[in-house]
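Read the structure below first, then the notes.
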Amino acid sequence: MPGGDVASAEADNARAYTEAVRVVLGELPDLPHVPELPGRGAVASMTGRALAVVAELGADLQPAGWRMTDRTGIDQRRARSLLAQDLDTVEELSQGFAGTFKTQVAGPWTLAATVEKPRGDKVLSDHGARRELSQALAEGVRTHVADLRRRVPTAARLVVQVDEPVLAAVLGGRVPTANGFGRHRSVDLPEASALLAEVLGAITDAGAEPWVHSCAPGTPWDLVRGAGARGLLVDVSQLDAGATDHLAEHLEAGGVVGLGVLPTTDPAGAVSDRTFTEQVLRWCDMVGLDAEELGEQVVVTPGCGLAGASEAWARRVLEVAATTARNLS
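Structure follows, in structure tokens:
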């Protein structure tokens, strides 16, 4: 029966998410997070999760992807329901947790470049629309942080990771138009900084710590720092000399840097935490900083998300990341 198939799939998804939370809490006791499992469909994707968080703006899923609408669509309601269910699981399994806890959300520029306006083309194409979406995201993030604080009340510190993988493309005028034949005009740096700062400021105002993640080459880390990011999460393989200098300055100023040195997909052979420990030490030595003195300012991460990883490697990479971090300390 079709209804039974749907119910069975939902039960399987719930079990998978419960296991994901257990893995995160077990393997990453120093920095567990709200897991994302995009394999469950568009409502669980990075964009779907963000649209579950935004306040007072409607959206729905169309054949071409997510689109803003006059009212909340069925797919946006599903995304919000799934997020609430996932947070119920996090609340249940994290009882008594007293350390740093992290959640994540797509940033305003990545969202503007991946969501369409009601009549088509990206929100990115319209100054007023991207401003409205940024404001709705900022307000929604405040509510999301408050909800997470209620659900994990014993956490000593909350971190919100703002994912901006498309920021460099937005600034470089490389985001395709809806028809695929053109590119959206580049956004001015002051506006790019202002909208990002609005979301990061909302996180700070809500009592959490804003970190920004991007694994794209050319990400303007000086702009991200200026917008108020406390943590910068990078793919080390994508850094140029200028970006490396900005990260070193951020560490010297007391900020946090997440060094993405671990593979995001299954490696061809065996991996060793010693290899990644040495890589982090070499990077710190290159910028003239002592990894041991930096302590919790350096976080060891995969280069980007693990959406393309097998379940076995997703577990293994978390284990290796935690071991590498302990080696450094």
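Counted from 1, the sequence shown has number 138 at position 138 by full-length UniProt numbering; the numbering is strictly sequential.
Every residue, glycine too, gets a C-beta built ideally from N, C-alpha and C.
Could you name the residues of the same chain whose beta carbon sits closer than 8 Å to that of residue i, not counting the 5 residues immediately before and after it, in chain order?
i           : result
residue 207 : 145, 149 and 158
residue 315 : 23 and 27
residue 117 : 67, 68, 123, 125, 126 and 129
residue 59  : 51, 66, 67, 68, 69, 72, 73, 75, 76 and 115
residue 280 : 259, 261, 291, 298, 300, 324 and 328
residue 93  : 18, 21, 22 and 25
residue 193 : 223, 226 and 227
residue 183 : 173, 174, 175, 176 and 177
Taking the straight line between their C-alpha atoms, what separation do you get for residue i and residue j?
i           : j           : result
residue 248 : residue 287 : 6 Å
residue 322 : residue 328 : 10 Å
residue 10  : residue 241 : 47 Å
residue 308 : residue 20  : 15 Å
residue 213 : residue 296 : 17 Å
residue 285 : residue 291 : 8 Å
residue 100 : residue 306 : 21 Å
residue 45  : residue 79  : 9 Å
residue 174 : residue 167 : 10 Å
residue 172 : residue 29  : 38 Å
residue 57  : residue 311 : 35 Å
residue 340 : residue 40  : There is no way to answer for residue 340, as the model of the chain reaches only from 1 to 329.
residue 96  : residue 186 : 47 Å
residue 276 : residue 304 : 15 Å
residue 104 : residue 269 : 31 Å
residue 293 : residue 254 : 11 Å
residue 18  : residue 33  : 13 Å
residue 282 : residue 224 : 25 Å
residue 165 : residue 318 : 21 Å
residue 35  : residue 266 : 19 Å
Cutting at 7 Å between CB atoms, please list the residues of its own chain near residue i, excluding the five before and the five after it.
i           : result
residue 121 : 177 and 178
residue 210 : 160, 162, 200, 203, 204, 228, 229 and 230
residue 273 : 320, 323, 324 and 327
residue 83  : 49 and 52
residue 289 : 248 and 251
Would residue i be called buried (16 or more neighbouring beta carbons within 10 Å of its own) or exposed?
i           : result
residue 49  : buried
residue 142 : buried
residue 153 : exposed
residue 235 : buried
residue 181 : exposed
residue 4   : Any answer about residue 4 is weak, because its pLDDT of 48 lies below 50 and its placement is not dependable; what the coordinates show is given next. Per the 10 Å Cβ criterion, exposed.
residue 189 : exposed
residue 135 : buried
residue 334 : Because the chain spans 1 through 329 in this model, residue 334 falls outside it and cannot be assessed.
residue 12  : exposed
residue 330 : What is shown of the chain runs 1 to 329, which leaves residue 330 out entirely.
residue 226 : exposed
residue 197 : buried
residue 169 : buried
residue 63  : exposed
residue 113 : buried
residue 106 : buried
residue 138 : buried
Excluding the 5 residues flanking residue i on each side, which residues of the same chain have their C-beta closer than 6 Å to its C-beta?
i           : result
residue 217 : 238
residue 140 : 53, 54 and 55
residue 91  : 151
residue 243 : 221
residue 1   : Because residue 1 sits at a pLDDT of 31, beneath the cut-off of 50, its placement in the model cannot be relied upon, and the following sentence gives the value as read from the coordinates. So no residue of the chain qualifies.
residue 88  : none
residue 16  : none
Taking contact to mean 3 or more Cβ pairs, one atom from each stretch, closer than 8 Å, check whether the stretch 260-278 and the stretch 291-304 are in contact.
yes
Counting only runs of 4+ residues fully inside the stretch 183-271, write out the alpha helix (DSSP H) ranges in chain order.
189-205, 221-226 and 241-252
Sequence ranges, beta strand (DSSP E) only - wholly within the stretch 101-183, length at least 3
157-163
Give the list of continuous alpha helix (DSSP H) stretches no shorter than 4 residues that lie fully inside the stretch 278-316.
291-294
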